[in-house]
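Novice: Quick one: the structure is below, and I'll ask about it shortly.
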Amino acid sequence: MGVLDSKKIMEIRSRIEKRVVTLPDGTTVPCIGQGTWHMGEKPQEKAKEIKALQLGIELGMKVIDTAEMYGNGASERLVGEAIKGRRDDVFLVSKVYPHNAGLDKISTACENSLKRLGTDYLDLYLLHWRGRIPLEETIEGMEKLRKEGKILRWGVSNFDTDDMEELWNTTNGSNCATNQVLYHLGSRGIDFDLLPWHREHHVPIMAYSPLAQGGALRKQLLTDPIVNEIAKKYNVKPLQIALAWTIRTNDVIAIPKAGQEQHVLENAEAATIELTQEDLKRLDEAFPKPRKKVPLDII
79 MGVLDSKKIM EIRSRIEKRV VTLPDGTTVP CIGQGTWHMG EKPQEKAKEI
129 KALQLGIELG MKVIDTAEMY GNGASERLVG EAIKGRRDDV FLVSKVYPHN
179 AGLDKISTAC ENSLKRLGTD YLDLYLLHWR GRIPLEETIE GMEKLRKEGK
229 ILRWGVSNFD TDDMEELWNT TNGSNCATNQ VLYHLGSRGI DFDLLPWHRE
279 HHVPIMAYSP LAQGGALRKQ LLTDPIVNEI AKKYNVKPLQ IALAWTIRTN
329 DVIAIPKAGQ EQHVLENAEA ATIELTQEDL KRLDEAFPKP RKKVPLDII
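Per the numbering used here, the sequence shown starts with residue 79, numbered consecutively.
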C-alpha cells in the first residue's frame with residue numbers, strides 16, 4: 079500500500095464509522111466520502127486514481143460521488159474499475175445532466191451510467207442542477223427508476239432555498255434524500271438560510287469541494303493565522319482543519335476529491351479531528367457566516 083499499514087487503516091476506519099449522517103430513509107453513511115470530478119481524464123493517472131479510491135474505501139470513506147458529466151463518462155468508468163468486486167462496500171452516487179432529466183431521456187441516461195459503473199443500481203441519483211425540464215417530470219422519472227430498482231433513492235444538486243421550497247411543494251418532492259452544494263469554510267452562504275431549511279426538513283447536505291479545490295478557490299484557507307494555529311495544535315495541515323470544520327455537525331456529508339493515496343489519508347484523518355467549541359468560535363471569527371442572503375455559490 080505504501081502509505082500506511084493495516085492496523086492504522088482499521089483504526090481510522092473505526093473512527094470514521096462512528097461519525098455518520100442519517101438520510102431521510104434512516105440509512106446511515108459516513109460524514110466523509112470521495113469526490114471524482116476530473117478523475118479518469120488522464121490515462122497516465124488512472125492506476126494512481128484507482129488505488130486512491132480503493133484506499134478511501136478501505137478507510138471507511140464509502141460514499142463515492144461521480145456524474146455522467148465528469149469527463150463525459152470517464153469518471154464513471156474509472157469508478158467502475160475501482161469498485162469492481164467491492165460494490166457492496168460502496169454507497170454509489172451519480173448525477174444526471176439537466177437536459178437528460180426528462181421522462182424521455184432519464185432512464186437511458188441512468189442505464190448508461192450503470193453500464194459505465196459496472197453495476198445494476200445506484201444508491202443515490204442526483205439532478206446535477208436545475209434546467210428547463212419541469213421538476214414534476216424529473217421527480218416522476220426518478221420515482222420510476224426507484225420503483226424499477228435502478229436507483230435506491232434520489233436527490234438534487236445546486237438547489238438554493240427557493241428551489242428546495244418549490245421541490246417540497248411538488249408531488250413526491252419530499253422524497254428527496256439530499257442536496258449537493260458547494261460548502262467550505264471560505265464559502266458559507268448556505269449557513270444563512272439553506273442549511274437551516276435542510277435541518278428543519280431533516281434532509282442532509284452533501285458538500286462538494288469542501289477543501290475549496292485544495293485551497294485554490296480561497297487561498298486564505300491555507301494562509302489564515304487562526305487556521306494555521308489550530309492546525310499546529312492538532313499536528314495536521316490547514317486544509318485538514320477546513321475539512322474537519324465542514325463535517326463538524328452530523329448533517330453534512332463532505333466529498334473531497336483526492337487522486338493520490340497520501341491526500342486520501344489526509345482527508346480520512348480530518349474526519350477523526352474533533353474541533354472544540356473554542357476552535358469553532360475562532361474559525362467563525364476568521365470566516366464569519368453571512369448576515370444576509372447571498373446567491374448560491376456554484377462552480
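All C-beta atoms, glycine included, are put in the ideal place defined by N, C-alpha and C.
(1) Among residues of its own chain, excluding the 5 on either side of M79, which ones have a beta-carbon nearer than 6 angstroms to its beta-carbon?
(2) Out of curiosity, what's the CA-to-CA distance linking V141 and N253?
(3) In this structure, how does DSSP classify V305 when only helix, strand and coil are distinguished?
(4) Evaluate the contact criterion for the stretch 352-371 versus the stretch 141-156: three or more CB pairs, one atom per stretch, below 8 angstroms.
(5) So which of T114, I229 and M139 has the shortest CA-CA distance to G151?
(6) How is V168 classed by DSSP in three states: helix, strand or coil?
(7) Mapping the DSSP letters down to three states, classify I325 as helix, strand or coil.
(8) Under 8 angstroms by Cβ, that's how I've got G264 and L374 pegged, so tell me the actual separation to the nearest angstrom.
(9) Relative to the alpha-carbon of Y199, which residue among Y175, R231, G180 and N178 has its alpha-carbon at the smallest distance?
(10) Residue range of the beta strand (DSSP E) that L205 falls in?
(11) For M220, report the span of its alpha helix (DSSP H) as first-last.
(12) Among P316, Q340, A309 and L353, which one has its Cα closest to the Cα of L299?
(13) Between I90 and L131, is the Cβ-Cβ spacing less than 8 angstroms?
(14) My understanding is that K371 touches F270, with C-beta atoms under 8 angstroms, so please give their C-beta distance in whole angstroms.
(15) Helix, strand or coil: how does DSSP classify Y148 here?
(16) What separation, rounded to the nearest whole angstrom, lies between the Cα atoms of L133 and L195?
(17) Just how far apart, CA to CA, sit N250 and K86?
(18) Please go through the same chain and pick out, in chain order, the residues whose beta-carbon is closer than 7 angstroms to the beta-carbon of G209, but skip the five residues on each side of it.
(19) Closest by CA to A145, which one among K225, E221, D103 and S235?
(20) I need the straight-line Cα distance from E339 to K129, nearest angstrom please.
(21) Between which residues of its own chain and P108 is the CB-CB distance below 8 angstroms, once the five residues before and five after are set aside?
(22) Less than 8 angstroms between the C-beta atoms of Q318 and M284, yes or no?
(23) Just list the residues that DSSP pairs S235 with in beta bridges.
(24) So A309 packs on L289, CB below 8 angstroms; how close in whole Å?
(25) Do L245 and Y286 have their C-beta atoms closer together than 8 angstroms?
(26) DSSP has P108 in a bridge; who is on the other side?
(27) Any idea if D302 is buried or exposed, counting beta-carbon neighbours within 10 angstroms, 16 or more meaning buried?
(28) Hey, I333 and G104: beta-carbon distance below 8 angstroms or not?
Specialist: Inspection of the coordinates gives the following:
(1) Any reading at M79 must be qualified, since the residue scores a pLDDT of 45, below 50, and its modelled position is unreliable; the value itself is stated next. Nothing meets the Cβ criterion.
(2) 20 angstroms
(3) helix
(4) no
(5) The candidate whose alpha carbon is nearest that of G151 is T114.
(6) coil
(7) coil
(8) The Cβ separation is near 15 angstroms, so there is no contact.
(9) R231
(10) L202 to L205
(11) In the DSSP assignment, M220 falls within the unbroken alpha helix (DSSP H) covering L213 to K225.
(12) P316
(13) I90 is not a Cβ neighbour of L131, given a cutoff of 8 angstroms.
(14) 6 angstroms
(15) helix
(16) 18 angstroms
(17) Separation of N250 and K86 (C-alpha to C-alpha, rounded to the nearest whole angstrom) is 44 angstroms.
(18) Excluding residues within five positions, the ones whose Cβ falls inside 7 angstroms are P176, H177 and A179.
(19) S235
(20) 7 angstroms
(21) Excluding sequence neighbours, P108 sits near I94, E95, R97, V98, V99, G138, M139, K140, V141, I331 and A349.
(22) Going by C-beta atoms, Q318 is not nearer than 8 angstroms to M284.
(23) Q258
(24) With a contact defined as Cβ atoms closer than 8 angstroms, A309 and L289 miss out at about 13 angstroms.
(25) no
(26) Paired residue(s): V98.
(27) buried
(28) no
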